[in-house]
Structures are given as C-alpha cells and as structure tokens.
Amino acid sequence: MLHDRRDLSGQRSCRPTQVLGLKREKNSLFVLMDRFFKYCWTDEEVKVAAGSPGCRIVMHPLKLNSSYATVKGSTRTRSPDGEPLATSYHSKFLGTVDYLWYSHGLLPTRVLETVTIDVLSKTGGLPCKKLGSDHLALVSEFAFMPGTKEDNKISAITTLATLSALASPPPEEDDDSFV
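First residue of the sequence shown? That's 363 in the working numbering, and the numbers climb one at a time after it.
This is how it looks when you write it as structure tokens:
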C-alpha cells in the first residue's frame, strides 16, 4: 500500500501560516517568538518521545557534543541552550529536529547560522522556491585537537561522516530574498 507523505504529515490539510497563527500581516519579532514558544512539545509528547513526562533531556552512552551548542551564536537564531531555534518548518511543525554532533578529538571553530524565525515565517513553509529542502542546512567547521595518531584517524573519519554539504550563507537578517 502506498502512502503520500503529504497526507501522513498533514501538509495537505494545514498551511504553514496556521502553525504560527499568521494572517500574512507584518509581525514584530517578539510576536513571532511568542507564537513560536507556544508550539513547544506538550508533556504528553515529551512522555511519548522520552519515556517520562518530566524528562527534557534524552541521554545516551555516546560521548557526543553539539557543535551549535558549543559555538556562541545569536539569540535571534539560537535557543538558550545554543541550538538553532528551527531547522524545519511546515504545516504541522516549526522547530529543531536536526543537530550536528562531534566527538573527542575535534573542536568546532564556527557554524553557519540558520535564518531567523521572522525570515523563515516569510517563506510560508519549507521547502519553498528558494530553499529546496524541508530542513535548513547545518554546517560546522572543525579543528583537530592534539592527540595520538590513532585519535586523529578516528576524528578524521568522524569529521567526514558528520559534516553537512556546504550551503550558501543565509541572507542578511532584513533580506527578504527567501520570500
């Protein structure tokens, strides 16, 4: 049996502007951010995803760190924990689902900032004419930490496995070229 992903995700029945509650009027960044934070996960969604309603951080045995959380960024594009405010935006969701992880032996030196919620909301949802993916690109530059030759071999393999393809930089904050 074939399923159309647009039906499964709800993209056919709900427009991206409904996620933000926009009526195509001009909104201030503060109004947009207020609406953005109203669409955080409910306790029930957290319970289903993490196994416990009080759990806000999922743990794993891997020793990985987030490059975005490690490199200081703009409060216009990052959450308090340093992650991008949004990496995906469509009719049913606006938020972060993508991360760039690194392991021992590497140090992120810089990351490509994502677009602001204000600019993202003007696209009407992803993908759009100027952004062909339903996710924003995450890009990080890494430096090798001094270590043993074996550590550096493992780090090189990890770097190749985790780096995203290079993407063009986002427009200036007031640039409407995505719209």
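All C-beta atoms in this analysis are idealised placements derived from N, C-alpha and C, irrespective of residue type, glycine included.
What does a CB cutoff of less than 7 Å around residue i pick up in its chain, not counting 5 residues either side in sequence?
i	result
Pro489	Ser495 and Asp496
Thr471	Glu503, Phe504 and Ala505
Glu475	Gly435, Ser436, Thr439 and Pro532
Lys409	Pro415
Ser441	Leu447
Asp443	Ala431
Compare the beta carbon distance of residue i and residue j with 7 Å and say whether it is the shorter of the two.
i	j	result
Leu426	Ser465	yes
Leu498	Thr437	no
Met507	Leu462	no
Leu424	Tyr451	no
What residue range does the beta strand (DSSP E) around residue i cover?
i	result
Val473	Leu468 to Val473
Glu503	Ser502 to Phe506
Give the range of the alpha helix (DSSP H) segment to which residue i is assigned.
i	result
Leu482	Ile479 to Lys484
Ala412	Asp405 to Ala412
Ser429	Ser429 to Thr432
Can you name, in chain order, every residue of its own chain whose Cβ lies under 8 Å from the Cβ of residue i, other than the five neighbours on each side?
i	result
Glu445	Ser428, Tyr430, Ala431, Thr458 and Tyr461
Ala529	At Ala529 the pLDDT is 40, less than 50, meaning the model places this residue with poor confidence and gives no usable figure here.
What are the partner residues of residue i, as DSSP defines its beta bridges?
i	result
His422	Answer is none; His422 lacks a bridge partner.
Gly457	Ser450
Arg440	Pro446
Looking only at its own chain, which residues have a Cβ that is under 6 Å from the Cβ of residue i, when we skip the five neighbours before and after it?
i	result
Val553	For the chain, the structure presents residues 363 to 541; residue 553 sits outside this window and is missing.
Lys388	Its pLDDT being 48, under 50, Lys388 is placed unreliably in this model, and the value from its coordinates should be taken loosely. Cβ neighbours of Lys388 beyond the five flanking positions: none.
Asp405	Pro415
Ala412	Val420
For this session: Pair every Cβ in the stretch 404–421 with every Cβ in the stretch 451–465, then say whether three or more of these pairs are closer than 8 Å.
Result: no
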